[in-house]
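Below is one structure, written out as structure tokens; comments come after it.
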Amino acid sequence: MTEPNFNLVDEPWIRVRLCDGRSDTVSLRALFHRCTEIRRIAGELPTQDFAILRIALAVMYRTLGTDEEIHDVWTSGSLPLDRIDEYLDQWHDRFDLFHPTQPFMQVAGLRSTSGDTKPLGILIPDSPGDDSLFTMRRDVASLPFAEAARWLVHCQAYDFDGIKTGAADDPRTKGGRGYPIGIGWAGWLGGLYLEGRDLRETLLHNWVPDNDHLQRDRALWELEPLTPEPRPASAIGPFGPAGLFTWPIRHIRLFADGDQVTRVLICVGDPIAKAFQYGIEPMTSWRYSDPQTKKEKSQTPLYMPRAHSQERSLWRGLTALLPSPRPQQDKNGVVLAHPSTIVARLGERVSIGDIPNSLVDVVSVGVEYGAQMSSYSEIFTDSLVVYPAIADPEGSSYACVIDAVKRADDAVSALARLAGDLAVADGGEPAGAASAARSAAYAALDPRFRDWIRFVDNDRDSEELSQAWYGLARDALSDLADQLLDSATPRSRAVRTVDGRQVSAGTSANWFRYNLLKHLPDARKDHAK
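Its first residue numbered 44, the sequence shown is counted upward by one per residue in my numbering.
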């Protein structure tokens with residue numbers, strides 16, 4: 044029987060959306076050669092897109108040089124395809140999905156202690172939820188090679204934790220089981236990437252090399268083929284983004300029957316030192332972790348990825364997303380947060396003229412896992428179209444945007460207090476009403492902020508931009524306040540004293556209007572005084 048052959052360099056397996064709106068499937072080599080025709084990677088899930096983008100970026104990190112090249116590469120209108128082709132040719136055999144000794148991101152000859160294999164459902168995230176981004180494909184009997192390759196990459200990036208099939212010849216296997224070593228590295232991230240007008244721009248925006256990593260960084264396919272045993276961390280790092288983007292958190296083997304993959308083995312792979320990846324991982328924001336610093340007895344502060352919250356729109360977290368001119372520190376002088384390298388480098392590149400100040404789409408990707416991180420719970424994504432100038436902490440655009448978010452938060456809090464006070468005045472509890480009002484307020488502000496921020500640029504008058512936002516937000520919150528007051532009961536109109544404070548619909552309305560104008564001032568009224 045002929046052994047299956049499917050090389051990811053040559054065979055189409057990456058689903059994409061073209062700039063003209065059509066869909067296509069391309070090989071890894073074609074992804075680079077057609078990068079100006081391709082709008083974006085467009086697979087089954089946003090997490091899959093993120094994982095595959097990072098495979099392409101690993102190639103970029105291993106073929107391009109230092110950040111000093113960005114201006115020349117950007118203005119060339121293409122990518123250095125000769126270098127990329129040479130690299131893909133050099134490592135061509137390592138991209139064979141079914142190579143007998145070194146299959147792509149797998150372990151050749153991997154077998155369980157029992158000899159059993161598993162159905163493909165464990166490779167594909169699914170969920171019964173109506174609003175879920177999951178694939179909703181529970182009973183998958185077979186997969187074409189192309190789709191199996193996409194889910195293989197996704198599994199290495201995001202696989203959930205828990206007990207796995209025990210691999211024969213792995214000394215960690217106990218009683219036929221492989222015990223938990225953690226989720227895939229990308230699952231820890233508040234994943235971020237920058238999307239340009241085409242895939243070429245996207246790749247360049249997210250390629251942010253650090254000279255310190257150039258000597259030792261290696262992609263998985265450049266290292267010795269995987270075996271069932273874990274690799275020694277001291278020898279493999281990761282030492283840079285290419286190693287991190289291709290990290291084998293699982294030992295996997297795909298089983299083919301004809302031209303389809305029909306079974307799979309997923310065993311524990313190489314654990315990753317999650318508290319030591321700051322400075323290597325460029326596609327997430329970071330938060331200082333005192334527990335990890337103490338646990339590891341580290342002499343320097345340790346940082347963990349800042350995860351996204353499904354309940355919080357991307358624009359509401361811009362303060363943590365963007366670099367700050369004065370980073371917040373604790374009493375010991377430890378910086379408490381850092382932006383992602385890709386966002387920080389975006390502002391730097393524009394400020395020194397390496398790339399143009401053209402609109403980019405900041406895309407976030409996140410996963411919430413279930414109990415003990417042993418299942419997928421939610422997959423979510425968000426995006427925000429902005430000018431890169433907002434990522435320059437010394438620019439007027441940055442100050443304008445940070446001010447807009449803070450004032451929106453303060454004004455929403457004023458509306459939430461109004462709703463809570465009306466509930467108290469009616470003899471009820473404030474928490475539920477305040478929470479509902481807060482949710483309604485952010486829902487109303489969300490489309491308005493997304494439309495407004497597209498115009499925030501250093502070339503525009505920041506005071507006019509701020510006043511435009513104040514007006515949009517003020518009108519939206521005033522309308523919601525009017526609805527709350529219109530629905531107030533006669534009982535709530537009477538003055539009552541609660542915790543030493545007089546509460547009624549009238550006093551609460553006056554307090555709200557005062558604070559609304561305090562947080563979202565109306566320049567027209569100031570001039571009229």
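The C-beta atom is built at its ideal place from N, Cα and C for all residues, glycine as well.
These figures come from a predicted structure and were not determined experimentally.
Simplified DSSP assignment, three categories, for residue i
i	result
Gln199	helix
Pro284	helix
Asn501	coil
Pro171	With a pLDDT of 38 at Pro171, under the threshold of 50, the modelled position of this residue cannot be trusted; read the value that follows with caution. It is coil, neither helix nor strand.
Val114	One point to set straight first is that residue 114 is His, not Val, in the sequence displayed. In this structure, His114 counts as helix in the three-state DSSP scheme.
Ser155	strand
Asn553	helix
Arg409	Inspection of the sequence shows that residue 409 is occupied by Gly rather than by Arg. In the structure shown, Gly409 sits in a strand (DSSP, three-state: E or B).
Ser70	coil
Tyr430	coil
Lys338	helix
Asp469	coil
Asn254	helix
Asp441	In the sequence as presented, Asp is not what sits at residue 441; that position holds Tyr. Helix, per DSSP.
Lys561	helix
Gly463	helix
Gln526	helix
CA-to-CA distance, residue j to residue i, given in whole angstroms
i	j	result
Glu472	Ala387	44 Å
Gly390	Ala101	22 Å
Thr109	Ala299	41 Å
Ala548	Ser367	40 Å
Trp231	Pro281	16 Å
Pro344	Gly396	33 Å
Ala474	Leu523	17 Å
Leu527	Ser356	24 Å
Asp529	Gln510	28 Å
Phe49	Ala262	20 Å
Phe93	Arg193	11 Å
Ala432	Met148	38 Å
Pro214	Glu272	7 Å
Leu458	Glu87	39 Å
Arg567	Arg349	40 Å
Glu506	Arg359	21 Å
Pro268	Val150	7 Å
Lys337	Gln371	20 Å
Thr144	Lys317	30 Å
Leu515	Asp453	15 Å
His562	Leu488	15 Å
Trp512	Gly227	40 Å
In DSSP terms, what residue i is bridged to
i	result
Ala299	Val304
Lys207	Gly221
Trp329	Pro348 and His381
Cys310	His294
Pro22	Only positions 44 to 572 of the chain appear in this structure, which leaves residue 22 out of reach.
Residues near residue i in its chain [Cβ-Cβ closer than 8 Å; skip 5 each side]
i	result
Leu235	Met326, Thr327, Ser328, Leu364, Ser383, Ile385, Val386, Val405, Val406, Ser407 and Val408
Ile279	Leu266, Gly286 and Asp313
Ser66	Arg58, Val59, Arg60 and Ala85
With 16 other Cβ atoms within 10 Å as the buried cut-off, status of residue i
i	result
Leu427	buried
Tyr201	buried
Phe555	buried
Asp518	exposed
Ser439	buried
Arg450	buried
Asn254	exposed
Ala434	buried
Thr208	buried
Pro89	buried
Ser418	exposed
Asn400	buried
Arg293	buried
Leu402	exposed
Phe498	exposed
Pro252	buried
Thr118	exposed
Cβ-based neighbour list, residue i, same chain, cut-off 6 Å, excluding 5 preceding and 5 following
i	result
Ala466	Pro473 and Ala476
Phe131	The sequence shown places Leu at residue 131, not Phe. Cβ within range, chain order: Val52 and Arg72.
Ser535	Leu465, Ala468, Asp469 and Ala548
Pro47	Phe141 and Ala299
Residue-chain proximity (residue i, chain B), Cβ-Cβ < 8 Å
i	result
Ser277	Here there is only one protein chain, and chain B is not present.
Beta-carbon proximity list for residue i, same chain, < 7 Å, skipping 5 on both sides
i	result
Phe75	Leu122, Leu124 and Ile127
Ala483	Leu523
Cys78	Leu122, Asp241, Leu242, Arg243 and Leu246
Glu80	Leu61 and Cys62
Ala531	Leu465 and Ala548
Phe1	Since the displayed the chain opens at 44 and closes at 572, residue 1 lies outside it and no answer follows.
Any non-hydrogen atom of the ligand HEM within 7 Å of residue i CB
i	result
Asp67	This structure lacks the ligand HEM, and indeed carries no ligand of any kind.
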